[in-house]
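*Asks:* Dropping a structure here in C-alpha cells format, bear with me for questions.
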Amino acid sequence: MAIDLSISKMRASLRTHICDLPRTSGSNLPKLPPNVKFYSRWKRNLQKLILVSAQHPLTRLILRSQAAVAFEKRRHSRSSHQWVIHPCSMLRFYWDTIMTITFLYIFLMVPHIICFYRIGKNSGPEYWNIVYPSYAICIIDIFLNFITGFVSSDGHEILLDSALIIRHYLKGYFFIDFISTLPYMWFYPTRILPPGSDSNSALLIIEFLSILKIIRMPTLRRNVQQINAKFGLSQIQETTIWLVILTLLIFHWSSCISYVFPYIIMHIQGKPMKNSDAYYVITELHNKPNWKVYLIFVHIGVSNLIGSNFVEFNTFGICDNIIRCILLLLGKGYTLYLIVTILQLLESLTEPELKYQRIMHQVKEYICHKKLPLYLQDKLIFYYEYRYQGSFFKENVIFDTLSSHLNQEILFHSSQGLLDTVILHNLSRNILGDLINLMKPVIYLTEDVIYKAGTDSDCMYFIASGTVVLITFSGREICHLHDGDHFGEAAMVYSDRRRAESVIALEVCELLRLHRRDFKGLFAKNSEFYNSLEHIARERSQKIKKLDEENDQNKQK
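Numbering (the numbering used here), first residue to last: 1342 to 1898.
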C-alpha cells in the first residue's frame, strides 16, 4: 500500500510544477506606489487591457510560449507606441465581440429597411433611427482600427508602428467602412418616390451604399472563429455555427432581393407601378401587415434559392422570374458549397472508421485470394477487429509528432497495470520510460501458442491484459498469469537456455515483448533489476523441475 502511494505521488509530482519563485503581475508594467491616485490606477488597468494577453485566442497561434508573450509585453510597453492596441489584447477581443453583434444586426436590418420600407413602401428616414446606434459603433470601430496593430501577412510578426497601421488600414477596409457607415439620410431626409417619370431614383445609389458593409463578411467570419476558440469549441462545432449563421443571412437577403428587384427595374425603366406585372403589385400585398409581407417573401426567397416549385404564386411577372433564375443559380452554387463542407465534416468525423473499413475490405480480399479455411478466416477477421476496435489511425505518425516527455506520459498511462508490478517498483522514472519504450506490443488470440517448451528463447513478456497458462514439457499446468504478470524471464539471464515451459493464451491477450538485446543494453548484469529477474527465473525453473519429477514418479507408479 505504501509503495502504491509513493508511485501515485511520483506521478502527480511529475505532472505538475509548484513554483517557489516570487510571483509577478505578468503585465511587465512598473509597479505603482501604494497610495497612488485613482487616475493612475485606471491608466494602468487600461494599459493592461491593450497589451498582449495569453487569454486571447490568437496568442497561442502567434506567440508559442510564455517567454514570447512576456517579451512582447515588454516590447510593447517600453516602445513609443505603448498606447497602440495590440491585436492580441483582451480589449481588442472584447471590441471584436461587440462588432460581431453589430455586423449581424446591420446585415439583417439594413437590407430589410432599404428593401421593405424605404423602396417598397416609400417610407421616410425615421426607420433608420433603429440603425443609428450601430452606425455610431462602426464610427468608433474606424477610429480603433487606426490605433490597433496588425499581424504581418506571413503571421510571424506583429506590427505596432502607427504609420504602418494607418497605411495598412487605408489600403484595406477603410474606404468600405467609411462609405458604408456615413448616415446619408441626415443629408436628404426625404422619401424615395414611387417609380415613374417624376421619381427621385438617383437616391437609390446613395441608399444602397450602406449595404457595402456586407464586404466585411470575412471579418465577421474571423470574429466568430475567435469567439468559438475562446469557448473551446471544436472546428466541427465552429464550422456548424458559421454555416447556420451564413445560411440564415442568405435566406434573409434572398427574401429582400426577391421583393425589391422588380422595384429597381421599374425605377430604371421609369415605369409606374400601376403598369407593372410584379407579384407584389398585382396581388396588392401593400394592404397586408408588414410582418405578413416579409413572411411571404421569405417563402419566395428561400424557394427561389432551393429551386422549389410553388403553385400559390402563379401571378409572377417577368421581373419576378428573372430574379428567380438568378437566385436559383446562386442557390445551387451555395447548396453545392454546403454539401461539400458537410461531407468534409462527416469525413473528418468518420475518417478512422472509413480507413478501418478499407483495411477490413483488403483483409477479406486477401482471405478470398488465399482461400483460407473458415476457422482461419474467422480468426483473422477477429484479430483485426480486436486490434483496431473499429477505427484505424497511424499510431507511429502520432507519436513522431509528440515530444518525448508527452510520449512517455501516454505510455505510462496506457501501461498503468505494469507500473503496479512489484518487480518494476524500484526502477526510476527514466529507466521505466526507456523500458516501456523498448517493449513491443503483440496480440495473441484465444488458444494461441505464445511459445513452446524446448524452443530457443530470446525475449520475455509482460501481460498488459488477458490470461495465459504455463505448461511444462510433460503437460502439467504450472500456473495462470493475469494482467501485470510476466513470464519468460529465463531468456533475459540465461542466453543459452531453451524454454522450459509452453505458454498458451486462454483469452485474447495484449502482451509487451522485451528482447534480450534491448534488456542487456538497459540493465547491467549485477543491477538490482537483473538480480530480481534472475531470482524469479530460478524459482520458476525449480518449480517446473519439481513438477516434472512428480510427473515422472507418477508414471513409474
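For glycine and all other residues, C-beta sits at the position ideal for the given N, C-alpha and C.
Because the structure is a prediction, the values reported are computed rather than measured.
Suppose you measure from the CA of M1607 to the CA of Q1388; what does that come to, to the nearest Å?
*Replies:* Going from the Cα of M1607 to the Cα of Q1388 covers about 56 Å.
*Asks:* For the segment 1592 to 1671, which segments carrying the alpha helix (DSSP H) assignment without a break, of at least 4 residues, lie completely within its bounds, in sequence order?
*Replies:* Taking only runs of at least 4 residues, the alpha helix (DSSP H) segments lying wholly in the segment 1592 to 1671 are 1620 to 1623, 1631 to 1647.
*Asks:* Going by the DSSP bridge assignment, what does K1781 pair with across the sheet?
*Replies:* DSSP, once it has assigned bridges, lists R1854 as partnering K1781.
*Asks:* Which of the three DSSP states, helix, strand or coil, is assigned to E1890?
*Replies:* Three-state result, E1890: helix.
*Asks:* Who are the Cβ neighbours of H1823 in its own chain at under 7 Å, not counting the five residues just before and after it?
*Replies:* Counting only Cβ-Cβ distances below 7 Å, and skipping sequence neighbours, we find I1804, T1808.
*Asks:* How is C1456 classed by DSSP in three states: helix, strand or coil?
*Replies:* C1456: helix per DSSP, three-state reduction.
*Asks:* Between which residues of its own chain and V1704 is the CB-CB distance below 7 Å, once the five residues before and five after are set aside?
*Replies:* So the list reads L1721, I1722, Y1725, once near-sequence residues are dropped.
*Asks:* Closer than 7 Å by C-beta to D1797: which residues in its own chain qualify, once you throw out the five before and the five after it? Chain order, please.
*Replies:* Excluding residues within five positions, the ones whose Cβ falls inside 7 Å are R1839.
*Asks:* Give me the Cβ distance between F1592 and G1642, rounded to the nearest whole Å; I'm assuming they're in contact under 8 Å.
*Replies:* F1592 to G1642, Cβ: 6 Å. Contact.
*Asks:* DSSP three-state call for T1813: helix, strand or coil?
*Replies:* T1813: strand per DSSP, three-state reduction.
*Asks:* In the DSSP assignment, the beta strand (DSSP E) including M1801 goes from what residue to what residue?
*Replies:* Unbroken beta strand (DSSP E) run through M1801: 1800 to 1806.
*Asks:* If you draw a straight line from the alpha carbon of E1848 to that of G1672, how long is it in whole angstroms?
*Replies:* Cα to Cα, the separation comes out at about 58 Å.
*Asks:* Judging by CA-CA distance, which residue of I1455, I1439, R1401 is the nearest neighbour of C1429?
*Replies:* Here the closest residue by C-alpha is R1401.
*Asks:* Counting C-beta neighbours from all protein chains within 10 Å, is the total for A1343 16 or more, i.e. buried, or is it exposed?
*Replies:* Summary for A1343: the model assigns pLDDT 45, below 50, so the residue's position carries little reliability, and this model does not support an answer.
*Asks:* Using a Cβ-Cβ distance under 8 Å, would I1586 count as near chain B?
*Replies:* The structure shown contains no chain B; it holds only a single protein chain.
*Asks:* Going by beta carbon distance, what residues of the same chain come within less than 7 Å of D1826, once the five residues before and after it are set aside?
*Replies:* I1804, listed in sequence order.
*Asks:* Are the CB atoms of F1484 and Y1510 within a distance shorter than 8 Å?
*Replies:* No, Cβ-Cβ distance for Y1510 and F1484 is not below 8 Å.
*Asks:* Exposed or buried, what is G1461 when buried is set at 16 or more other beta-carbons lying within 10 Å of its beta-carbon?
*Replies:* Its Cβ being crowded by 16 or more others within 10 Å, G1461 is buried.
*Asks:* Assuming the contact rule is C-beta atoms closer than 8 Å, H1794 and E1842 should be a hit. Round their C-beta distance to whole Å, please.
*Replies:* Strictly speaking, residue 1794 in this sequence is Ala, with His absent from that position. Confirmed, about 5 Å.
*Asks:* Taking Cβ positions, are D1482 and M1440 nearer each other than 8 Å?
*Replies:* Result yes, Cβ atoms of D1482 and M1440 sit closer than 8 Å.
*Asks:* Whose CA, out of G1658, N1767, V1393, H1453, lies closest to the CA of F1433?
*Replies:* According to the sequence displayed, residue 1433 carries Arg and not Phe. For the residues G1658, N1767, V1393, H1453, the minimum Cα distance to R1433 belongs to V1393.
*Asks:* Which value, in whole angstroms, describes the spacing of the CA atoms of I1885 and Q1576?
*Replies:* Distance between the alpha carbons of I1885 and Q1576: 59 Å.
*Asks:* Using DSSP's beta-bridge definition, name the partner residues of R1827.
*Replies:* The sequence as given places His at residue 1827; Arg does not occur at that position. Looking at the DSSP assignment, H1827 forms a beta bridge with F1803.
*Asks:* Would you decide whether D1661 is buried or exposed? Buried here means 16 or more other CB atoms lie within 10 Å of its CB.
*Replies:* It is buried - the Cβ of D1661 has at least 16 other Cβ atoms within 10 Å.
*Asks:* Which of helix, strand or coil does DSSP assign to Y1727?
*Replies:* Helix, per DSSP.
*Asks:* Are there three or more Cβ pairs, one per stretch, closer than 8 Å when the segment 1440 to 1450 is compared with the segment 1545 to 1564?
*Replies:* Touching, yes.
*Asks:* Tell me whether P1536 is buried or exposed, calling it buried when 16 or more other Cβ atoms sit within 10 Å of its Cβ.
*Replies:* Buried is the call here.
*Asks:* Starting from the C-beta of G1465, find all residues in its chain whose C-beta is less than 7 Å away, skip the five residues before and the five after it, and write them out in chain order.
*Replies:* Excluding sequence neighbours, G1465 sits near R1532.
*Asks:* So S1843 is in the beta strand (DSSP E); what residue range does that whole segment cover?
*Replies:* First-last of the beta strand (DSSP E) with S1843: 1842 to 1846.
*Asks:* In angstroms with no decimal places, state the Cα-to-Cα distance between D1799 and H1856.
*Replies:* Approximately 6 Å between the Cα atoms of the pair.
*Asks:* Among residues of its own chain, excluding the 5 on either side of L1545, which ones have a beta-carbon nearer than 8 Å to its beta-carbon?
*Replies:* So the qualifying residues of the chain are I1460, I1533, I1605, H1608.
*Asks:* Can you list, in chain order, the residues of its chain whose CB lies under 6 Å from that of V1425, leaving out five sequence neighbours each side?
*Replies:* Cβ within range, chain order: I1488, G1490, L1501.
*Asks:* With a cut-off of 8 Å on the beta carbons, I'd call L1399 and Q1578 a contact; round off their distance for me.
*Replies:* About 19 Å; that fails the 8 Å criterion.
*Asks:* Under a Cβ-count criterion, where at least 16 other Cβ atoms within 10 Å of its own Cβ denotes burial, should H1506 be classed as buried or exposed?
*Replies:* Correcting the residue identity first, residue 1506 is Ile in this sequence and not His. The residue in question, I1506, is buried, as its Cβ has 16 or more Cβ neighbours within 10 Å.
*Asks:* Please say whether L1669 and S1599 have beta carbons closer to each other than 8 Å?
*Replies:* No, they are not a contact pair.
*Asks:* Candidates T1691, I1784, E1548: which alpha carbon is nearest N1463's?
*Replies:* That would be E1548, whose Cα lies nearest to the Cα of N1463.
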